[in-house]
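Protein chains in written order, with my numbering: chain G, 1 to 128; chain W, 129 to 304. The C-beta atom is built at its ideal place from N, Cα and C for all residues, glycine as well. Working notes, beginning with the structure itself.
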């Protein structure tokens, strides 16, 4: 449980850092102002929650001795990350926010950061 | 010399008459204006608006609105929707980049005023009456239009999900 928690929280911090760095680069290079919708708090919160959910799923598989299913879980996580991009593409922003067409470009990559961060750290938390 | 008396008299009469013509106050459109359209779906705003406004409550005959909305400034909060609104089937912004309203008559009503004129949208010109009020240097008006009357979209296929009748709310602060 401790290992899963550490894995989840570290992956969450890593995904948050990647998200915040990308957020700042994107806003500065594109000249957009999406702070009303996305900000450091929301990026950190969502990243940590997503990574903790993945960690919990991993822990449940280990707990019930279904470790062979981890491959299927990874595929499911990747599919869910991909499916979740529909949300920023289809959502309507408040009308006072300019250039809404640039919003998916900001948020879509972030949807893959939690899975990417979690999978990146898997080798460090492998083994008994 | 006698030949010049009448031409001079006519010129003088015209010159002095010019000073008696009363012109309505000309207003400049200030920042903070809003042109919103709402329905079940779609809804959005136009963020660019310009034109000439002459209005005087005591000289409605001399008052006039000649305003233009930039179609490319449409914002429905979603990039895909904005692009769709500008395409050929809807506003065709490439060919018809502006929506224009020119008033021909302004009258007083029980609640405010009414501007009657022509709305030119997507190359279709139709008469339109806009009820409005003027208070605290702000024009506020609200009216409804049927987008199908102007060939904006259709009522078939995917377009049928979009409301035909759109309520338009306009608020335009002005300065002298």
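Residue i - partner residues in DSSP beta bridges
i	result
residue 249 of chain W	W:252
residue 263 of chain W	W:266
residue 301 of chain W	W:266
residue 242 of chain W	W:235, W:259
residue 196 of chain W	W:178, W:228
residue 172 of chain W	W:165
residue 293 of chain W	W:274
residue 155 of chain W	W:181
Collapsed DSSP secondary structure at residue i in the structure displayed
i	result
residue 81 of chain G	helix
residue 148 of chain W	Since pLDDT at residue 148 of chain W reaches only 47, below the 50 mark, its modelled position is unreliable, and the value read off the structure follows with that caveat. Coil at residue 148 of chain W, not helix or strand.
residue 211 of chain W	helix
residue 341 of chain W	No answer is possible for residue 341 of chain W: the residues shown for chain W start at 129 and end at 304.
residue 108 of chain G	helix
residue 50 of chain G	helix
residue 284 of chain W	coil
residue 28 of chain G	helix
residue 181 of chain W	strand
residue 45 of chain G	helix
residue 34 of chain G	coil
residue 203 of chain W	strand
residue 70 of chain G	helix
residue 191 of chain W	coil
residue 160 of chain W	coil
residue 65 of chain G	coil
residue 92 of chain G	coil
residue 279 of chain W	coil
residue 3 of chain G	helix
residue 129 of chain G	Because chain G spans 1 through 128 in this model, residue 129 of chain G falls outside it and cannot be assessed.
residue 121 of chain G	helix
Min CB distance residue i to chain C below 8 Å
i	result
residue 124 of chain G	As a matter of chain content, chain C is missing from the structure shown, whose protein chains are G and W.
Whole-number beta carbon distance between residue j and residue i, since they are thought to touch under 8 Å
i	j	result
residue 95 of chain G	residue 172 of chain W	6 Å
residue 292 of chain W	residue 276 of chain W	5 Å
residue 160 of chain W	residue 301 of chain W	5 Å
residue 58 of chain G	residue 115 of chain G	Their Cβ separation, rounded to whole angstroms, is 12 Å, which puts residue 58 of chain G and residue 115 of chain G out of contact at 8 Å.
residue 38 of chain G	residue 121 of chain G	That pair is no contact at about 24 Å.
residue 296 of chain W	residue 278 of chain W	12 Å between Cβ atoms; not a contact.
residue 48 of chain G	residue 21 of chain G	Going by Cβ atoms, the distance from residue 48 of chain G to residue 21 of chain G rounds to 16 Å, so no, they are not a contact pair.
residue 86 of chain G	residue 34 of chain G	Rounded, the Cβ-Cβ distance is 18 Å, inconsistent with contact.
residue 311 of chain W	residue 225 of chain W	Nothing about residue 311 of chain W can be read from this structure; chain W reaches only from 129 to 304.
residue 89 of chain G	residue 104 of chain G	5 Å
residue 76 of chain G	residue 30 of chain G	Not really, about 32 Å apart at Cβ, beyond 8 Å.
residue 174 of chain W	residue 163 of chain W	4 Å
residue 54 of chain G	residue 118 of chain G	5 Å
residue 246 of chain W	residue 255 of chain W	6 Å
residue 183 of chain W	residue 271 of chain W	With 8 Å as the limit, residue 183 of chain W and residue 271 of chain W do not qualify as a contact, their Cβ atoms being about 17 Å apart.
For this session: Taking only beta carbons into account, state which residues of the region 86-98 of chain G come closer than 9 Å to chain W, listed in chain order.
Result: 89, 90, 91, 92, 93, 94, 95, 96, 97, 98
Problem set entry | Interface positions of the region 171-196 of chain W facing chain G (Cβ-Cβ less than 7 Å), listed along the chain | 172, 173
Exercise. Mind listing which residues of the region 233-251 of chain W have their C-beta closer than 7 Å to chain G's C-betas, in chain order?
Worked result: none
For this session: Quick one: which residues of the region 204-220 of chain W get their C-beta closer than 9 Å to a C-beta of chain G? List them in chain order.
Result: 204, 205, 206, 207, 208, 209, 210, 211
For this session: Select from the region 19-32 of chain G all residues with a C-beta closer than 9 Å to any C-beta belonging to chain W, and list them in chain order.
Result: none
Problem set entry | Under 8 Å (Cβ pairs) to chain W, residues found in the region 103-114 of chain G | 103, 104
Exercise. Closer than 7 Å, Cβ to any Cβ of chain W: which residues of the region 58-81 of chain G, in chain order?
Worked result: none
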